[in-house]
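Protein chains in written order, with my numbering: chain A, 1 to 389; chain B, 1001 to 1389.
Think of the CB as a built atom: it goes at the ideal place given N, C-alpha and C, for glycine as much as any other residue.
In what follows, a structure is listed as structure tokens, so that the remarks can point back to it.
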């Protein structure tokens, strides 16, 4: 196990009807806020009205900015920063899923910064201050409600980049599983792939002696595998929606990576897919991850065998670990398909004429490679994309 | 799943050599502190000197109070409160295990309070302020380094009582598994029983639809079962010590009880044993828990069968759940014995002449019962104590 610091101070307020607490909770931090959200779904569902009513009851003054799109855009972040400065906003309230939360985080970082907030995403500067943010979560997927990460897309050149910092952790997250009853099936499924990917990026590590977090990872994956089919069959099944929602937070608040080095190559490969083709992040991950696994599993047969047995209940073939492993990957693909996810690029509508461009553009470290479990070169990334065809 | 609030803001600084960070970390919170510890072990091990050196390097001024005993005493808490007031202390640094941390928490609650701090433990008052506390942990057991709980013994009448509050959560916990290499075997084993009990108190619930936290509980229990025998055989095995230490925190920071109502009867029964006979809390729990299980398992055969299969790898007998369950309890007793723990009152040196007094004295709720999974009357507690003979 590696040395680590773990600090996940987000206050989680979880359960039925909890959005009514947002006003009082926000008032603990600020009296003038930006209410940030996406398309019209929170207005159609009535959530917007309930949030506004709760803010008003707590005498929290707000300005608002809607219009966050999936793969949230830098231009709207710039607009939000200007609005916050003009209106002397002290706090950002994100009402939505990962895109709205990430857009809020970027605005919160940008308000007190004199340069362009994109500097942080390019590694050109470190923030010295930021506004606090709070969340009312509507989509269990990104885990952004308690994570330190934030991913933004710059339209010029379609660059998708992340910036991670303790500053990005929301001070509170209000999570009512009932709000997810009306999610379309594809969003539930995309969310499942995103949650599972967050766990798997942490699971595939070269760090020895991490059996406690291995077990916690397996517990989280099994929870998603058990409950997502139930939520798809019965969208208003509170028990299943609640298990998924809570697991989505734990999958990405860094508990599962304490003391271990994660991989994250699949995430960065997927970011190229969704930056160019604007495909949902979760669907992209369902395509990239199986291909990545097939490409790298020989690097650590024991770990992949443990994954097959511990997560997918494969009967272990002690004399043929590869058979065990490939059956695990097959069951994962089968699971993704069973919940309506694509597992190949063509199912995502992605042609194969820009694979080399994506492999080239994919964010690499100073040594020119990507990932930690196996360090991938541009050529490796291209091979993985070809395996995903 | 029940609605819940989960807020575990303690910053965990984990790994080799991390005690050297204590000065800088403390300085973030205060310049004048109380350094609180137990017997002489931290002086013999050199930890005291390293902590003092780190505090001095960070220009943190301190006064000190040693002498905390297992089952920490109210009289020393009173002494600490007076010392903090006299010296204008702003922060308490606990260097030790659960007893030192709990004593620190009680002092932190008492300093700004005009009445007797015992009022909080009797439910007669609620604290309106408290000092922040930090921890350098030396014993993985109580989980107090990130928990909201605090248990103190009042010598007059040997009353052992707890008070739980967000105020009790330390702002940081420094956890170096190397510090646990020199723990005597019985402290390692007692710690294991305490950690497992914290998980099992949460596991045995009547709340339906809690499979995610069930899996997390099983993961935590399996980690202890796997690594404690290794740590006993090889006291300086860093990997095993690290897994145990991190699991001990997660066992009691309330993640595992999110959305579910725990039981806690076994803890309160054990508190009577250790209040009167001053036995180690963990050893007492190893005696009480099997007896409690045998007394209550018929209340929920499914949950106890899941425990036997999911934690103790019992081959499930689908046609005889009681056989499966009793084999699980037998394996737990066997495990406790294998790591040197007592499983019966006489092994603890407790005679059977005061069982009725303990059953009577054991803290009950307003309805006169104890526990949530099964509500136990005084007579039930007596029956459990008799089963533990």
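Below 8 Å on the Cβ atoms is my contact criterion, and I expect residue 139 of chain A with residue 107 of chain A to pass it. Report the Cβ-Cβ distance as a whole number of Å.
Contact doesn't hold; Cβ gap of about 19 Å is too wide.
Count the other CB atoms within 10 Å of the CB of residue 1236 of chain B; is the residue buried (16 or more) or exposed (fewer)?
Residue 1236 of chain B is exposed by the Cβ-count criterion.
List the residues of chain B that residue 215 of chain A touches, going by C-beta distances under 7 Å, in chain order.
1219, 1222, 1223, listed in chain order.
Relative to the C-alpha of residue 1097 of chain B, which residue among B/1156, B/1126, B/1174, B/1309 is closest?
Nearest option by C-alpha distance: B/1174.
Identify each residue in the segment 1-25 of chain A for which the Cβ-Cβ distance to at least one residue of chain B is less than 9 Å, and report them in chain order.
Listed by position, the residues of the segment 1-25 of chain A near chain B (Cβ gap below 9 Å) are 1, 2, 3, 4, 5, 6, 7, 8, 9, 10, 11, 12, 13, 14, 15, 16, 17, 18.
Only counting runs of 3 or more residues, tell me where the beta strand (DSSP E) segments fall wholly within the segment 1107-1141 of chain B, in order along the chain.
Those beta strand (DSSP E) runs which fall completely within the segment 1107-1141 of chain B and span 3+ residues are 1133-1137.
Do residue 1300 of chain B and residue 1001 of chain B come within 8 Å of each other at the CB atom, strictly closer than that value?
No, they are not a contact pair.
Short of 7 Å in beta carbon distance, which residues of its chain neighbour residue 1327 of chain B, apart from the five on each side in sequence? Order them along the chain.
Hits under 7 Å: 1308, 1314.
Compute the distance between the beta-carbons of residue 92 of chain A and residue 33 of chain A, then report whether it is under 8 Å.
Contact flag set, yes.
Whose Cβ in chain A lies nearer than 8 Å to the Cβ of residue 1059 of chain B?
Per Cβ cutoff of 8 Å: no residues; residue 1059 of chain B is ~23 Å from chain A at best.
Counting only C-beta atoms, is residue 1069 of chain B closer than 8 Å to chain A at any point?
Cβ-Cβ to chain A under 8 Å: no for residue 1069 of chain B.
Taking the beta carbon of residue 389 of chain A as the centre, do at least 16 other beta carbons fall within 10 Å, making it buried, or is it exposed?
Flag for residue 389 of chain A reads exposed.
Using only alpha-carbon positions, find the residue among A/17, A/224, A/306 that is nearest to residue 465 of chain A.
Residue 465 of chain A lies beyond the range of chain A shown here (1 to 389); nothing can be said about it.
Go through its chain and collect everything with a Cβ distance to residue 1054 of chain B's Cβ below 6 Å, but skip five positions before and after it.
Cβ within range, chain order: 1020, 1022, 1023.
Between residue 1275 of chain B and residue 1158 of chain B, which are expected to be in contact by the criterion C-beta below 8 Å, what is the C-beta distance as a whole number of angstroms?
At roughly 5 Å, the Cβ-Cβ gap stays under 8 Å, so residue 1275 of chain B and residue 1158 of chain B are in contact.
Excluding five sequence neighbours on each side, which residues of the same chain lie with their C-beta closer than 7 Å to the C-beta of residue 1387 of chain B?
Here the set comprises 1291, 1294, 1295.
Quick check on the DSSP output: what are the complete alpha helix (DSSP H) runs of length 4 or more inside the segment 1278-1319 of chain B, in order along the chain?
Runs of the alpha helix (DSSP H) inside the segment 1278-1319 of chain B: 1281-1296, 1301-1312.
Report the neighbours of residue 207 of chain A on chain B: residues whose CB is nearer than 9 Å to its CB, in chain order.
Simply none; closest approach about 11 Å.
Check distances from the C-beta atoms of the segment 1223-1255 of chain B to those of chain A and list, in chain order, the residues that come in under 7 Å.
Against chain A - using a Cβ distance shorter than 7 Å - the residues of the segment 1223-1255 of chain B are 1223, 1226, 1239, 1242, 1243, 1246, 1247.
If you measure beta-carbon to beta-carbon, which residues of the segment 1258-1269 of chain B are closer than 8 Å to chain A?
Cβ contacts with chain A: 1258, 1259.
For chain A, check one thing: does any of its Cβ atoms lie closer than 8 Å to the Cβ of residue 1211 of chain B?
Chain A contact via Cβ: present.
Looking only at its chain, what residues have a beta carbon closer than 7 Å to the beta carbon of residue 1176 of chain B, apart from the 5 residues adjacent to it on each side?
Once the five neighbours on either side are set aside, the close Cβ partners of residue 1176 of chain B are 1015, 1016, 1017, 1018, 1019.
On the DSSP letters alone, give me the boundaries of the beta strand (DSSP E) that residue 37 of chain A sits inside.
Looking at the DSSP string, the run of the beta strand (DSSP E) that includes residue 37 of chain A is 32-37.
Between which residues of its own chain and residue 64 of chain A is the CB-CB distance below 6 Å, once the five residues before and five after are set aside?
Answer for residue 64 of chain A: 35, listed in chain order.
Beta-carbon separation of residue 117 of chain A and residue 123 of chain A under 8 Å?
No, the Cβ-Cβ distance between residue 117 of chain A and residue 123 of chain A is not below 8 Å.
Could you pull the start and end residues of the beta strand (DSSP E) that residue 175 of chain A belongs to?
Unbroken beta strand (DSSP E) run through residue 175 of chain A: 172-175.
In terms of residues, what are the limits of the alpha helix (DSSP H) holding residue 167 of chain A?
Here residue 167 of chain A belongs to no alpha helix (DSSP H), and DSSP marks it neither H nor E.
Going by DSSP in three states, residue 1384 of chain B sits in which element: helix, strand or coil?
Of the three classes helix, strand and coil, the one that applies to residue 1384 of chain B here is helix, per DSSP.
Compute the distance between the beta-carbons of residue 188 of chain A and residue 228 of chain A, then report whether it is under 8 Å.
Contact: yes.
What are the uninterrupted segments assigned as alpha helix (DSSP H) that are 4 or more residues long and contained completely in the segment 1225-1277 of chain B, given in chain order?
The segment 1225-1277 of chain B contains these whole alpha helix (DSSP H) runs: 1238-1250, 1265-1277.
Of the residues A/168, A/370, A/334, A/39, which one's Cα is nearest the Cα of residue 7 of chain A?
Residue 7 of chain A has its Cα closest to that of A/168, out of A/168, A/370, A/334, A/39.
Rounding to the nearest angstrom, what Cα-Cα distance links residue 1136 of chain B and residue 353 of chain A in this structure?
So the two alpha carbons sit approximately 57 Å from each other.
Please classify residue 184 of chain A as buried or exposed, where buried requires at least 16 neighbouring CB atoms within 10 angstroms.
By the neighbour-count rule (16 or more Cβ atoms within 10 Å), residue 184 of chain A is not buried but exposed.
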